[in-house]
Amino acid sequence: MQLAGMLHGARLLRFVGFPCPEVLGPDATEAEIKALIERHGMVFVKPVFKGAIGKKGKAGLIGRAKDLATALREKERLFFAEHRVGNTVAKAQGVTFEAAVPAQHEVYFSISDSTRFRAPTVTLTHHGGVDIEELGKGQIAEVPFEALTGLKAFVIANALSDLKAPRELISPLVQHLPRLWELVHDFGMTTLELNPIRMRPDGRGRLLPVACDFKCGFDRDDPRWERLGLPDHLFAADQSEFETEINQLRTHQGQSDVYVINPKGTILAPTFGGGANSLVTEVLGDDAIISSDFGGNPPYEKMRAVAHICFKHWLAQSNVLFLIGGKSNNTDIFVTFRAMADALRDFFSTHGPTPLYVVLGRGGPNLVRGMGALRDTVEALGLPYRFFGFDSAISEVVNYAQAADRWMKAGGRELVAQRLGLRKTG
Amino acid sequence: MARPGVGGFKYFVGIDSLAQVATREDRVCVLNILGGESSLVTPVSHAFSGGNVVFGTSPGRGGQKLKTTAGDIPVFNAVREGLDAGLRFNTGVVYLPPGGVRDGVAELARVNPDIRKIVIVTEKVSVHDAREVRAIGQSNRIDIFGANGLGVADSWNRVRIGGALGGDQPEESLQRGSIAILSTSPRPSSRSP
Numbered sequence: 001m002q003l004a005g006m007l008h009g010a011r012l013l014r015f016v017g018f019p020c021p022e023v024l025g026p027d028a029t030e031a032e033i034k035a036l037i038e039r040h041g042m043v044f045v046k047p048v049f050k051g052a053i054g055k056k057g058k059a060g061l062i063g064r065a066k067d068l069a070t071a072l073r074e075k076e077r078l079f080f081a082e083h084r085v086g087n088t089v090a091k092a093q094g095v096t097f098e099a100a101v102p103a104q105h106e107v108y109f110s111i112s113d114s115t116r117f118r119a120p121t122v123t124l125t126h127h128g129g130v131d132i133e134e135l136g137k138g139q140i141a142e143v144p145f146e147a148l149t150g151l152k153a154f155v156i157a158n159a160l161s162d163l164k165a166p167r168e169l170i171s172p173l174v175q176h177l178p179r180l181w182e183l184v185h186d187f188g189m190t191t192l193e194l195n196p197i198r199m200r201p202d203g204r205g206r207l208l209p210v211a212c213d214f215k216c217g218f219d220r221d222d223p224r225w226e227r228l229g230l231p232d233h234l235f236a237a238d239q240s241e242f243e244t245e246i247n248q249l250r251t252h253q254g255q256s257d258v259y260v261i262n263p264k265g266t267i268l269a270p271t272f273g274g275g276a277n278s279l280v281t282e283v284l285g286d287d288a289i290i291s292s293d294f295g296g297n298p299p300y301e302k303m304r305a306v307a308h309i310c311f312k313h314w315l316a317q318s319n320v321l322f323l324i325g326g327k328s329n330n331t332d333i334f335v336t337f338r339a340m341a342d343a344l345r346d347f348f349s350t351h352g353p354t355p356l357y358v359v360l361g362r363g364g365p366n367l368v369r370g371m372g373a374l375r376d377t378v379e380a381l382g383l384p385y386r387f388f389g390f391d392s393a394i395s396e397v398v399n400y401a402q403a404a405d406r407w408m409k410a411g412g413r414e415l416v417a418q419r420l421g422l423r424k425t426g
Numbered sequence: 001m002a003r004p005g006v007g008g009f010k011y012f013v014g015i016d017s018l019a020q021v022a023t024r025e026d027r028v029c030v031l032n033i034l035g036g037e038s039s040l041v042t043p044v045s046h047a048f049s050g051g052n053v054v055f056g057t058s059p060g061r062g063g064q065k066l067k068t069t070a071g072d073i074p075v076f077n078a079v080r081e082g083l084d085a086g087l088r089f090n091t092g093v094v095y096l097p098p099g100g101v102r103d104g105v106a107e108l109a110r111v112n113p114d115i116r117k118i119v120i121v122t123e124k125v126s127v128h129d130a131r132e133v134r135a136i137g138q139s140n141r142i143d144i145f146g147a148n149g150l151g152v153a154d155s156w157n158r159v160r161i162g163g164a165l166g167g168d169q170p171e172e173s174l175q176r177g178s179i180a181i182l183s184t185s186p187r188p189s190s191r192s193p
């Protein structure tokens, strides 16, 4: 869950009283844009992307205008602009008009939780406005601080002293930067980056830090972000339709942490436990449709609902339904397999039969009863299957599932379809 | 005087050998002991470890007992009540729901001066709360295992604290060996490449 740009960023910064430029959204009238240009001399026209995607400036996706005609031309050019960074492609949905901020100094600032320091950490430099990776180590300060006391002014003062930052920057940054911790910590953020913060002089030459770009990530396990009242559609780009549907079942007990690996894959592998998930995801690669962890002893109703959604979206294209986990500590195998078997039966009744090879590898409480429930179902549905107990190495079971997938691709799917009465025998 | 940590770390670490992770001498208090998972798992751990759970808490259900084959475990409304009853422990186990974990850790750290280790089993603790839990552990010189932990166990000395390693028959899986296993049990928390 990431958010970038000043359209919403400016509103969040105002929560903690951090200065930002005047910003107009995509629905700004010509009169409003003209007045903004007259007040500030120049505006930047920036495309609005959902989520966070960087390097817009280098891609020529930031327009600047000193008159209304240019601003409108840039609006037309950027309103639905496409932007590619690596494999990520984003399409703009509107533009913002942001007042230009005259400044001699640009500052980079971020807060995130550092695994190196095992504490929240600020990253700060007065050589901002560029990619932080392009700077030398001595030009950047990375300073951990205490989560309970928070980011305090002295942390910023010490960091700027260490960087030998120009004197005129120190007082305004020491006054303003600590309040950004409240935004991060009190609203469920995991990271916040402001780059650049431009240091705007006032009439008497004193500098004021003004955030000119905004990027943050939210922790979806932390409901504090809901205090901000952000519209839900902002985060819709992060998830597929399938993920959105399944994540509605999300609770703190898990079972709904499901991600699409390859929407054109052929093995549907509900996995149980993080270990099985890691192994299966790595070995199956692009053959796997989803990455999941259904461990944690899910109750029958939840397991059936999760399986129902998985089957509805993916079973028709799957060659192999691969149920895999290690020897569970406390997940009741009978409950989970009965739920999945019932969901499978539901799918066949609702959507009709589909050619499928069922492979299972599992151990844990009530294993034999669970296998029995699943066997009864797949036999009743006429599907080929192979079950492995906890004494079989997971890696070998994964190999078997891959072999079953290859067999299905090499004509097996046709044979199973014939057996289900889906095709005439040739 | 602050309890010194073991050497070589820039932050506090209280134990300096694997033998101290889970010992037969550790006395345990389980927060939310009557919760769904704990009420199944704690009796097994308690019996496997020779009766190491001194008491548990469950606000509003003080006075009840959790039955185990190694004897009943008393339940109090809060940690202070258990201490007032003369019970002592050095290890806390947290089975609270995610929103209650930070407060549970604060209770253990604040109320019990003897606390040395806290094992947090709960999944999906927010980053916000994890930050503060870590800071509470550091400032009070407490080793914290978790959250989203499987618990800790020593197969040589038959001790299991928090979590359900080995399920309901830990003696089957927790057998003496020569390799220490540290598992992060990774959840698919981000898109795989």
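One line per chain: the protein sequences are A and B, in this order. At position 36 of the first sequence (counting the first as 1) the number is 36 in my numbering, and the numbers step up by one without a gap. At position 96 of the second sequence (counting the first as 1) the number is 96 in my numbering, and the numbers step up by one without a gap. We treat Cβ as the ideally placed atom computed from N, Cα and C, and that holds for glycine.
{"query": "Beta-carbon spacing of Pro-270/A, Ile-289/A below 8 angstroms", "result": "no"}
{"query": "Beta-carbon gap between Phe-76/B and Thr-57/B smaller than 8 angstroms", "result": "yes"}
{"query": "CA nearest to the CA of Gln-93/A, picked from Leu-151/A, Pro-298/A, Asp-27/A, Gln-139/A", "result": "Asp-27/A"}
{"query": "Start-to-end residues for the beta strand (DSSP E) that takes in Cys-29/B", "result": "28 to 31"}
{"query": "Three or more C-beta pairs below 8 angstroms linking the region 128 to 139 of chain B and the region 150 to 164 of chain B", "result": "no"}
{"query": "Chain B within 8 angstroms of Asn-319/A, Cβ atoms only", "result": "no"}
{"query": "Extent of the continuous alpha helix (DSSP H) to which Tyr-400/A belongs", "result": "394 to 407"}
{"query": "Touching by the beta-carbon criterion (3+ pairs, under 8 angstroms), the region 368 to 385 of chain A and the region 345 to 356 of chain A", "result": "yes"}
{"query": "Contacts of Val-111/B in chain A (Cβ-Cβ under 7 angstroms)", "result": "The premise fails here: Val-111/B is roughly 17 angstroms from chain A at the closest Cβ pair, so nothing lies under 7 angstroms."}
{"query": "CB of Arg-179/A within 8 angstroms of CB of Gly-17/A, strictly", "result": "yes"}
{"query": "Beta strand (DSSP E) segment containing His-83/A, residue limits", "result": "82 to 85"}
{"query": "Continuous alpha helix (DSSP H) stretch holding Gly-163/B: start and end", "result": "Careful: Gly-163/B lies outside any alpha helix (DSSP H) and carries neither H nor E."}
{"query": "contact_flag[the region 239 to 250 of chain A, the region 77 to 92 of chain A] where n(CB pairs < 8 angstroms) is 3 or more", "result": "no"}
{"query": "Residues from the region 131 to 150 of chain B in contact with chain A, defined by Cβ distance under 8 angstroms", "result": "Arg-131, Glu-132, Arg-134, Ala-135, Ile-136, Ser-139, Leu-150"}
{"query": "Boundaries of the beta strand (DSSP E) in which Arg-386/A is found, first to last residue", "result": "385 to 388"}
{"query": "Own chain residues within Cβ distance below 8 angstroms of Asn-158/A, not counting five before or after", "result": "Val-143"}
{"query": "Delimiting residues of the beta strand (DSSP E) encompassing Leu-360/A", "result": "357 to 363"}
{"query": "Spatially closest choice to Leu-183/A from Trp-225/A, Ile-333/A, Gly-57/A, Ala-4/A, by CA coordinates", "result": "Trp-225/A"}
{"query": "For Leu-208/A and Pro-19/A, believed in contact at Cβ under 8 angstroms, the rounded distance", "result": "6 angstroms"}
{"query": "Inter-residue CB distance, Ala-100/A and Met-42/A (contact presumed, cutoff 8 angstroms)", "result": "4 angstroms"}
{"query": "Proximity of Gly-364/A and Ser-392/A at Cβ, strictly below 8 angstroms", "result": "no"}
{"query": "Residues that Gly-364/A contacts on chain B, provided the C-beta gap is smaller than 8 angstroms", "result": "Gly-167"}
{"query": "Within-8 angstroms CB hit, Tyr-95/B to chain A", "result": "no"}
{"query": "Contact set between Ala-164/B and chain A, taken where Cβ atoms lie within less than 8 angstroms", "result": "Asn-329, Asn-330"}
{"query": "Alpha-carbon spacing of Arg-419/A relative to Arg-375/A, whole angstroms", "result": "17 angstroms"}
{"query": "Gly-361/A: contacting residues in chain B (beta-carbon distance under 8 angstroms)", "result": "Simply none; closest approach about 17 angstroms."}
{"query": "Below-8 angstroms beta-carbon distance, Thr-125/A vs any chain B residue", "result": "no"}
{"query": "Chain B contact for His-185/A (CB, 8 angstroms cutoff)", "result": "yes"}
{"query": "Selection from Arg-39/A, Phe-49/A, Glu-38/A, Phe-15/A that minimises the alpha carbon distance to Gly-25/A", "result": "Phe-49/A"}
{"query": "Under 8 angstroms by beta carbon: chain B residues contacting Pro-120/A", "result": "Arg-131"}
{"query": "Amino acids of chain B, ordered along the chain, whose beta-carbon sits closer than 8 angstroms to that of Leu-148/A", "result": "Glu-132, Ala-135, Ile-136, Ser-139"}
{"query": "Distance between beta carbons of Val-45/A and Leu-78/A, contact taken as under 8 angstroms", "result": "6 angstroms"}
{"query": "8 angstroms Cβ cutoff met for Pro-166/A and His-105/A", "result": "yes"}
{"query": "Environment of Gly-325/A [buried if 16+ CB atoms lie within 10 Å]", "result": "buried"}
{"query": "Cross-chain neighbours of Arg-224/A in chain B, by beta carbon under 9 angstroms", "result": "Ser-126, His-128"}
{"query": "Local Cβ density within 10 Å of Gln-138/B, reported as buried at 16 or more and exposed below that", "result": "buried"}
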